[in-house]
Amino acid sequence: MSHTSQPPRLSSTLRWAGLAAAFTLAGCAMPPPASTTTATDATAASTTAAGATPPRPPAGNASVAGQARTFSTQLATYTSVSFDAMPGWSRDDFSETWPAFLGSCKVLTGRGAEWKEVCNRAGRVDSKNRNAIRGFFESEFSAYQIRDDDRKPDGVVTGYFEPEIAGSRTYGAPFIYPVYGQPEDMLFADARKLPAGSGTVAAKVEGRNVVVQTGLSTRDMGAPGLYALDLSGITRDTLDRKVRLRIEGKQLLPYYTREEIETKGAPNAKVLAFVSSATALYEMQIQGSGRIKLANGDTIRVAYAEQNGQPFRPTIAQAANGKPRSAVKVRGSSIELQLDDDEEDDVGVDSGAIRTRGFTLARPTASGAVMVPGRRTAGAVTGSGIKDPSYVFFKESTSPAAGPVGAFGVPLSAGRSIAVDPRSTPLGYPVFVSTRTPGSGAPMQRLTIAQDTGGAIRGAVRADYFFGNGQAAATSARRMKERGQLWILLPRGLAVAQAAASTIRTRGAAVGADLPQCLVPTEGVCVDD
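Anchor point for the sequence shown: position 420 equals 420 in the working numbering, and the numbering is continuous, going up by one each time.
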């Protein structure tokens, strides 16, 4: 949630990568469609729900939603389709999505005139009338199918949830693993403003921001207030374009890895609570939020605050044949998951592996004590044994009644909020998803709102359903890893990425460096270079 840098959320950057009562799929599964094949280059819908204004058909290749037939970014291609072409669109209960959409409007009204006008008109819609809501979306938005940079329409849809683990406010066995807040010594640099290459540059620290000084040589780095920043060790490919740094002497270094935090401690980070399981804490970091249940019955609700800027590199569990149980491939700036068609569905946190957000992670072979600043540990400090260098920091949630807050800054809605890659799917936007229910294979086709992100959610046709909290939500989320397709709804008249009638694409990149990276540049979420 994050979000978010969310490593998988590790969320939102790595933003883990992200509720109400337990959510079940039985009541939301739609009748099976003839197929999930979608229309390409279709015009806007000619028929709408009762009372809706017929949509205006795309007029050409202008880079405006409702007019452009197709357009592209470095990561995706978007093709106009009719609403009737989206499988299951007419059967969805749009009233279930409406509260999540209105929640997004609280943020989107500040994102330009188009959104302000759309959200103002949304306030006049009967929130209990599914046909009125459907008509609103069909008259106010244009639908575009999202394809990846190879123009493939299919991607992977996974799931996540809000876990609950036992903990304590005080340190003492078995509660020896700290849940950290955001470190006070963490600094940030804008990755887009860093010089290219792997040399060393001079930089100043202004508050929490690192600013590279141009026109200076390495001889100037000894001057007061200047630090040496070695660009060779920097991770630039974060979703939010931020580089996380720390000061050591006269150097600016990448922020501590997981192993460093566990074996040296984080003296500049507040400890929110202590938990008894390093593995359960790791899963909560991947989910991006969670609940810590205290012995007296109280609950501490935590949400994603920050992450250490290190890449998400989980240890994938091995199958009996020695191959990874979850095939994972990094291609460019995307993380590709392959479907585990032959994998058992009941792999969970209590078995020999952890199934979470589409990954089947290996449990650490040896897990020991970690360093806690100001505490004396019992035995040698060996660390959790988790090899993933990424690490998520939390903050206490101030709204315990609603769902956890995602990367977009609004509470998530079980079954109607999803985590996405904000470069191809802007946060806050409606997204129609066609996939299948885990286990049964029944069609699951519904309108959702993109309200979260995560470091593991990388790629154009990639969505992560938020299932809520509780055991039923955990079971559904862990089993969810299905093929799916996505359609984004864009307000008519919204300026979008460059129109592209016949852009030639190659695997991993587009021909033409003029293609933008983001569908809609939005400060703080997806800023195009």
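C-beta atoms are modelled at their ideal positions from N, C-alpha and C, and glycine is treated no differently. Since the model is a prediction, treat every value here as computed from it, not as a measurement.
Residues Trp115, Cys119 and Gly428 of the same chain have their beta carbon placed closer than 7 angstroms to that of Leu108, with the five preceding and five following residues left out of the count. Assignment of beta-bridge partners to Val211 by DSSP yields Lys204.
Here the stretch 91-111 makes contact with the stretch 422-442; the two share three or more CB pairs at distances below 8 angstroms.
Boundaries cannot be given for Pro389, as no alpha helix (DSSP H) includes it and DSSP labels it neither H nor E. For Val302, the uninterrupted beta strand (DSSP E) segment begins and ends at Thr299 to Gln307.
About 25 angstroms separates the CB atoms of Tyr160 and Ala266; that is not less than 8 angstroms, and the two are not in contact.
In the structure shown, the three-state DSSP call for Asp230 is strand. Between the stretch 378-395 and the stretch 259-277 there are three or more inter-stretch CB-CB distances shorter than 8 angstroms, so the stretches are counted as touching. Nearest to Thr97 by alpha-carbon distance, out of Asn469, Met444 and Ala414, is Ala414.
Excluding its 5 nearest sequence neighbours in each direction, Val157 has C-beta neighbours in its own chain below 6 angstroms: Thr435, Ala463, Glu482 and Gly484, listed in chain order. Judged by DSSP secondary structure, Glu248 falls within the beta strand (DSSP E) whose first and last residues are Lys242 to Glu248. Setting aside the 5 residues that flank it on each side, Gly112 has no residue in the same chain whose C-beta is closer than 7 angstroms to its C-beta. Nearest in C-alpha terms to Arg416, of all of Ser276, Arg423 and Phe466, is Phe466. Within a 10 Å sphere around the beta-carbon of Thr398 sit fewer than 16 other beta-carbons, which makes this residue exposed. Under DSSP, the beta-bridge partners assigned to Ser72 are Thr77. When only Cα atoms are considered, Trp89 and Ala191 end up about 40 angstroms apart. Distance from the CA atom of Ala143 to the CA atom of Arg375, rounded to whole angstroms, is 56 angstroms.
Apart from sequence neighbours up to five positions away, the residues of its chain that approach Pro183 with a beta-carbon distance below 6 angstroms are Ala266, Asn268 and Ala269, ordered along the chain. A contact is defined here as three or more CB-CB pairs under 8 angstroms, and the stretch 448-457 fails this definition with respect to the stretch 136-150. Only residues of its own chain outside the window of five on either side were considered, and among them Phe432 and Trp487 have a CB closer than 6 angstroms to the CB of Met86, listed in chain order. The stretch 167-179 makes no contact with the stretch 307-315; the number of CB pairs closer than 8 angstroms stays below 3. Excluding the 5 residues flanking it on each side, Pro411 has same chain C-beta neighbours closer than 6 angstroms at Ala402, Gly403 and Val405, in chain order.
Rounded to the nearest whole angstrom, the C-alpha separation of Phe83 and Pro491 is 14 angstroms. Membership of Ser476 in the alpha helix (DSSP H) is indicated by the continuous run Gln471 to Arg479. Excluding the 5 residues flanking it on each side, Ala100 has same chain C-beta neighbours closer than 6 angstroms at Ser413, Arg416, Ser417 and Ile449, in chain order. Here DSSP, grouped into helix, strand and coil, assigns Val107 to helix. Straight-line measurement puts the Cα of Pro389 at about 7 angstroms from the Cα of Phe312. In terms of CA proximity to Ala295, Thr170 leads the group Lys242, Thr170 and Leu245. In terms of Cβ geometry, Phe94 and Leu447 form a close pair [threshold 8 angstroms].
For the pair Glu283 and Asn469, the CB atoms are not nearer than the 8 angstroms cut-off. In this structure, Asp185 keeps its C-beta atom at 8 angstroms or more from the C-beta atom of Ala202. Ranked by Cα distance from Glu259, the options Ser72, Ala122, Val392 and Phe137 are led by Val392. With a 10 Å radius around the Cβ and a threshold of 16 neighbouring Cβ atoms, Pro426 comes out buried. Val157 carries a strand assignment under DSSP once its states are collapsed to helix, strand and coil. If you draw a straight line from the Cα of Asp298 to the Cα of Ala473, it comes to about 21 angstroms.
From the listed residues Gly123, Arg134, Gln145 and Gly135, the smallest Cα separation to Thr70 is found for Gln145.
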